[in-house]
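Here the structure is laid out as structure tokens; the discussion comes afterwards.
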Amino acid sequence: MPTIYIDNVPYEVTAGKNLLEACLSLGKDLPYFCWHPAMGSVGACRQCAVKIFKDEADTKGRLIMSCMEPVRDNLRLSIEEPEAKEFREHVIEWLMTNHPHDCAVCDEGGSCHLQDMTVMTGHSYRRFQFKKRTYQNQYLGPFLNHEMNRCIQCYRCVRYYKDYAGGKDLDVFGAHNHVYFGRAEDGVLESEFSGNLAEVCPTGVFTDKTLKQHYTRKWDLTMAPSVCHHCSLGCNITAGERYGSLRQITNRYNGEVNGYFLCDRGRFGYEFVNGPARIRKALVRTKLPEAVSREEALQEVTTQLKTARVIGIGSPRASLESNFALKALVGEDNFHSGVSDTDYDMVNMSLKILQSTPARTFSLREVEKADAVFILGEDLINTAPRLGLAVRQSGRQQPLETVMQASIPYWQDAAARELVQEQHGPLFMATLTATKLDEIATATLHASPDTIARLGFAVANLISAGSPEVTHLSEEEQALAEQIAQALVKAKKPLIISGCSTGSEAVLEAAANLTAALHAQNPETGLVLTLPECNSMGLAMLGGHRLDSAFAAIHNGYAEAVIILENNLHRCADKAEVDRFLGKAKQVIVLDHLHHATTEKAHVLLPAGAFSEADGTLVNNEGRAQRFYQVYPTAEDIQESWRWLAQIGQALHVPLMSQWENIDDVNRALMEVEPKFRSLEALAPPAGFRISGQKIPRETHRFSGRTAMFAHHNVSEAKPPQDPDSPLSFTMEGYRGQPPSPITPFFWAPGWNSMQSVNKYQDEVGGHLRYGDPGIRLIEPGQDGLNRYYHDVPEDFQPLKDHLFVLPLPHIFGSEELSSFSPGIAERAPKPYVALNPRDAQTFGLEAGEILSFTLNHQTFRLPVKLYPELSPGTAGVPRGLQDVPFFEVPAWAIILKPEPAWKNQPHTIS
Amino acid sequence: MFSILRSMGLTFLHAFHKRDTIQYPEEKAKLSTRWRGRIVLTRDPDMGERCVGCYLCAAACPVDCISLQSTEDENGRRYPDFFRINFSRCIFCGFCEEACPTYAIQLIPDFEMAEYNRQNLVYEKEDLLIDGQGKYPGYNYYKVAGMAIGGKDKGEGINENPPVNVKSLLP
Amino acid sequence: MEESTSHYLLIIGGVLFGLLNVAAGLIWVERRMLALWQDRYGPNRAGPFGLFIVLADTLKLFFKEDWIPPLADKVVFVIAPAIVLVTVLLGFVVVPFAPGIVVADLNIGLLFFLAMSSMGAYSIILGGWASNNKYALLGAMRGAAQMISYEVFMGLALMGVVLLTGTFNMTTIVEAQRDLWFFIPQFLGFVIFFIAGVAETHRLPFDIPESESELVAGFHSEYSGMKFGMFFIGEYLGITLISCMVVTLYFGGWLGPGFLPPLVWFAIKVFAFISLFILLRASLPRPRYDQLMEYGWKILLPLSLVNLLVTAAIVLLQTES
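Taken in sequence, the protein lines are chains A, B and C. Using full-length UniProt numbering, you'd call the opening residue of the first sequence number 1 and step up by one each time. Using full-length UniProt numbering, you'd call the opening residue of the second sequence number 1 and step up by one each time. Using full-length UniProt numbering, you'd call the opening residue of the third sequence number 1 and step up by one each time.
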């Protein structure tokens, strides 16, 4: 470890870093703009100047940009040296010559890096007498607001958007002091990660447009640590509330999971919480249209359940606690997973693979470090977007080797990219159709799931003869398999990615074989499987029967009542079947936070808390359990599902549930009943946790309006609401230091109001959070010691005449249930369509936009055609999970109906 | 002993002094223009609301008695959706006025706001907003801010150049 | 006999009525006079010259919550304020307001007055003790020490007058002043008696048992409603009593030029002294407790002894010659 001297004080620092990182890691306040821990240095803003000295005798020194200077042993530098300070102040002054007098109406104000840095350097008076430069703004879609006047030309936005996230449509235009950051013309930003611009931009050029619609300063938000509910990766988020509505989602750094970035679904998908579809009051069908109180609803449920035999249907988007509470209430035999058959099989298969595979499931941080990636079947940008972004970074691993060989530090971003040019590390993609990652892929295969699985098996066979052989491979496939096998074997840290979105178990088996084969040669091999929902893994680990058996239980009279937990059954089984089931059940009790087709049929509807109104635990795709916390006290009768269920259980005298008062009690019972969750103990501090006898405040010390915000209801302030479930308080009073990482409600440090304050919460800039990254992994590799190969290699896919094999096509915007209730996401969601290979379209005599009619599982669909040349002939793609497309089990064969002229001019409806 | 008698004598002589009491409410005290009394929201010279809903007053308020929600009209001009001051908590310290970047919130020489019912001390925007500029005439924040709003496009503000032509490479 | 009984009853009733009115009126008088000397108006809103503030105050006292602290000694707590009122009122029994207008013209009148004013100390001690409050107890202890100390000089100062007249009977003492009011031969005695009187009524500047800036409200911290009212009235009656005594003993009682009836002369003189009490309050700061005790024992006691000695010597000389 080299020693550097900062203002004559020696410090030990990590080798290989730059001085700026070293200084920030040591907790020094050194201003910067263009440098970003995830993107390296370019030395563009000249803000982080320090003086370095040759030796002790050198008093003159020279100014350098600390972000461009590597750490050397015995390096002497000064941050406080007057000339360096003056230089930094001047730089800010220059940057501010054109910065508008806007802070009062700027959404960044109060969490603005430029504000922080201006204060830090001490610049306070504008001497520049001339006119300010102005720009016209652009429309950038429903997520981001553009205000170019505020730009300080740090280039972070394009470096992030183009270099880091691979976007194409944001760039820098113009010349000299007229440079312009934007699109070539107005339009929606195409990247799925555009929302990060709001955090990457050090000032208010790019700001969160959804926040703008109900604007609140950061200091006024009541914030709590949360976990994104919109895909299986479990990115950490900070959710902020004001006046009873959720206002903003920001990234919550987790060194192992999401790091500095979120996808747009996670960042902007929160608005469903404030939406009109929310269930806010308990409803009892016999007492409609009046809502009933919490007590009346509980009374009603208990009377209904006292005499009836009851089954429960869990949910992959409800917390572990809620699912467990339901399981405890109805008993293990009567607990069913509320997922479609395909998902049930796929998720259980994934769980089995993760438990048995000897290889490690990579966290996102490890994914970024993988140097060869083979993706089987997953369109990552649409099923697990943040993973896609991580894979993009992994593509830089091998080229970075050359950079290191050229003695260029990896963080010298401009130089490194200059050297690397368009090189990418080995990335192989076998997907159903074209994906956004194809552009950086070494080789791609677009084919049906079976073909993909065969390729996987073939590669596995090439690596290890233990894996079954694949017969009748075409020559190209054989060549591709060999290429992939070579690259994977050569890699230091190879990674196999697959998942549930193809609906094909063979693909998963192929991935498992591949991983096992590779792992035998290279123990650094990793595996990542993506899952359909945020808590699919947790639900699968809890166990539960198929949905079918729930239907059967009602139909054959085994049970009369059903409790449905946060689940729209119409999204996981055929409409007709679900309606028959709900019609037959004498009592249907539904707990959920959004109105949907299933809640319409409920006899009793209990309002559950959405993620921002509940405490709970999610288990992500790598088996990492993460706790999310209630952000604000719930209005009206909303409470967590597990709390409803615990109250029902207590009314029905279920022994296990008799003592359940808060989430810790539920978790304790869970750990006792299901030993595989034992390590949850260490997940987060218990509700009784205090620092110096104090809770952790969810509100900043600057929180305003306490005595006025509810004064119009009653001028006497009510007692602040209590939180029995966590060591967090709903007030601004409490411990002001850094809390343990799982319960850090927001990032803030003196002088650092912006997101960049996260530097102060890390043990090393860009590293892990102090006190460890939150989350506990419940699955460790090779748990049950089984490492066998799967032997069922599927036959190659054969098209059928007048049939199409319908495959689900996931969409980042629209496929996920909750986020699609958010207006911004809904705007970006595709209209229903059916994707065809142009050859098939020609066969059926259809052009793009015309209607294709087909029947699938006895349902008839009429959807407009989109032409996907990459889709393999004989297959069709239908967007997965769109709100107005009824559920159907895919993949499955569809029978193509003859085009009926009578239907031709009808509007594009679906029956 | 003598000093005690002297001070008693001096006190006694005060019986013949003029009384300092001002017979409020019949007789009003003269308040200086900087008196920190009732809080108002003023308008700019064009009679637009000066408040842009920046939340600085609320943040500065030591008793947290200001609460507001900013919103935007269709042309991008920010204004408070609601603006509430709980005068039963207000200590008339004037920090909000100091914090206000647009001269919108001002304390005026009026203190006669007693109420029998405490609830009546909660003032909403319509109670606070006046049809005038208050103590600082002539200031119009949006004229010097870079934002485009209705009636003022980019580059039309004071001390602003016309918007940059991105396609030009001329210096 | 019939007539004399009703006569006495009339006098008793008249005195009682008059005194209570005076005490209540003093609420207004004190505030107005303090205000006068502080260049203010004082109460001037309710009724003419704000006179009805007396009514308002009384009403307010009646309607205040009559609260007894839960840990207090309840019986003593209730009795204490009554003691002050009763003893002070009894003190008036011997005061000759005018020829014939005296409730009981006792031949030991002066001793009776001293006895009654000593009893007043009990109300402070008991009130402070029964409150079960640190401040109240501290106030009570200060009050006890102060009152017992100053009673000594008060009695000694009075002895001068007794020596001059040879009687304890108040009427006789007044009659003895037809030629010369005793404040001239007994000036020192008058001064000491007056100071001791102020201390005895624990009025400012000697309001050490109350001293609101140190002890909240001293011995009556816990009192509210009419119980506090009794302390309040007791204090004003105490002022009146001491003023009456000063007038009777040193300023010729009801004596005065004949153009005004004797009772009026008496009232005028008493009012002058009450004003002096208020002026004291308006102008002097409160001494420290130890200063008060030192002043009493080291200055007033020797002085009063000297006064007694000199008076006795002169009287002896006069009788010798």
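Where is the CB? At the ideal position from N, CA and C, for every residue including glycine. In this text the structure is predicted, and so the values were computed from the model without any measurement.
Inset, instruction - Just tell me which of A/Thr-442, A/Val-227 and A/Leu-495 has its CA closest to the CA of A/Ala-359. - result: A/Leu-495
Inset, instruction - Would you check if there are 3 or more beta carbon pairs closer than 8 Å linking the segment 153 to 168 of chain C to the segment 190 to 208 of chain C? - result: yes
Legend entry - Nearest to A/Ala-585 (by Cα), restricted to the options A/Asn-461, A/Gln-304 and A/Asp-169: A/Gln-304
Inset, instruction - Specify the secondary structure class of A/Ile-249 as computed by DSSP and reduced to three states. - result: strand
Inset, instruction - Classify A/Gln-587 as buried or exposed, calling it buried when 16 or more other Cβ atoms lie within 10 Å of its own Cβ. - result: buried
Inset, instruction - Determine the contact status of C/Thr-240 and C/Leu-16, defining contact as a CB-CB distance below 8 Å. - result: no
Inset, instruction - Take C/Arg-31 and list the residues in its own chain whose beta-carbon comes closer than 7 Å to its own, dropping the five residues that flank it on each side. - result: Gly-42 and Pro-43
Legend entry - Extent of the continuous beta strand (DSSP E) run through A/Trp-893: 892 to 896
Inset, instruction - Compare the C-beta of C/Gln-38 against all C-beta atoms of chain B and say whether one is closer than 8 Å. - result: yes
Legend entry - Cβ of B/Arg-84 within 8 Å of any chain C Cβ: no
Legend entry - Closest by C-alpha distance to B/Pro-80, when choosing among B/Phe-87, B/Val-40 and B/Glu-72: B/Glu-72
Legend entry - Beta-carbon spacing of A/Ile-440, A/Gly-388 below 8 Å: no
Legend entry - Closest residue to A/Asp-548 among A/Gly-538, A/Glu-817 and A/Leu-569 (Cα-Cα distance): A/Leu-569
Inset, instruction - Could you work out which residues of chain B lie near A/Lys-131, taking near to mean beta carbons separated by less than 7 Å? - result: Asn-159, Glu-160 and Asn-161
Inset, instruction - Examine chain B for any beta-carbon lying closer than 8 Å to the beta-carbon of C/Ala-199, and answer yes or no. - result: no
Legend entry - CB contact flag (B/Ile-108, B/Gly-37, <8 Å): yes
Inset, instruction - Jot down the residue ranges of each uninterrupted alpha helix (DSSP H) in the segment 545 to 633 of chain A, minimum 4 residues, whole runs only, in chain order. - result: 547 to 555, 575 to 584 and 597 to 600
Inset, instruction - Using the DSSP secondary-structure output, state which residues sit across from A/Ile-851 in a beta bridge. - result: A/Pro-864
Inset, instruction - Would you list, in sequence order, the uninterrupted beta strand (DSSP E) runs of no fewer than 3 residues that lie entirely inside the segment 385 to 471 of chain A? - result: 427 to 431 and 443 to 446
Inset, instruction - Consult DSSP for C/Met-141 and reduce its assignment to one of helix, strand or coil. - result: helix
Inset, instruction - Please classify A/Lys-209: is it buried, with 16 or more other beta-carbons within 10 angstroms of its beta-carbon, or exposed? - result: buried
Legend entry - Same chain, Cβ closer than 8 Å to A/Glu-12, five either side skipped, listed in chain order: Met-1, Pro-2 and Thr-3
Inset, instruction - Quick one: list the residues of chain B neighbouring A/Asn-274, beta-carbon separation under 8 Å, in chain order. - result: Near A/Asn-274 there are no residues of chain B at all, since even the closest Cβ is about 13 Å away, more than 8 Å.
Inset, instruction - Using a Cβ cut-off of 7 Å, pull out every chain A residue sitting near B/Val-63, in sequence order please. - result: Thr-707
Legend entry - Interfacial residues, the segment 5 to 20 of chain B to chain C, with Cβ spacing under 8 Å: Ser-7, Met-8, Leu-10, Thr-11, Phe-12, His-14, Ala-15, His-17, Lys-18, Arg-19 and Asp-20
Legend entry - Per-residue DSSP class, three states only, for C/Ile-108: coil
Inset, instruction - Assign A/Ala-894 to buried or exposed, taking buried as 16 or more other Cβ atoms, counted over all protein chains shown, within 10 Å of its Cβ. - result: buried
Inset, instruction - Quick one: using the 10 Å Cβ neighbour count with 16 as the cut-off for buried, is A/His-791 buried or exposed? - result: exposed
Legend entry - Whole-angstrom distance between A/Gly-259 and A/Leu-233, CA atom to CA atom: 12 Å
Legend entry - CA nearest to the CA of C/Leu-26, picked from C/Ala-272, C/Tyr-295 and C/Leu-260: C/Ala-272
Legend entry - Proximal chain B residues relative to C/Leu-279, where beta-carbon distance stays under 7 Å: Met-8, Thr-11 and Phe-12
Inset, instruction - Decide if the segment 551 to 571 of chain A is in contact with the segment 312 to 321 of chain A; the criterion is three or more beta carbon pairs, one per stretch, under 8 Å apart. - result: yes
Legend entry - A/His-336 beta carbon less than 8 Å from that of A/Gly-544: yes
Inset, instruction - Mind checking which residues open and close the alpha helix (DSSP H) that includes C/Leu-241? - result: 225 to 250
Inset, instruction - Look at the Cβ atom of C/Val-76, then the Cβ atom of C/Tyr-135, and state whether they are nearer than 8 Å. - result: no
Inset, instruction - Assign A/Thr-227 to one of three DSSP states: helix, strand, or coil. - result: Residue identity differs from the one stated: residue 227 of chain A is Val in this sequence, not Thr. A/Val-227: strand per DSSP, three-state reduction.
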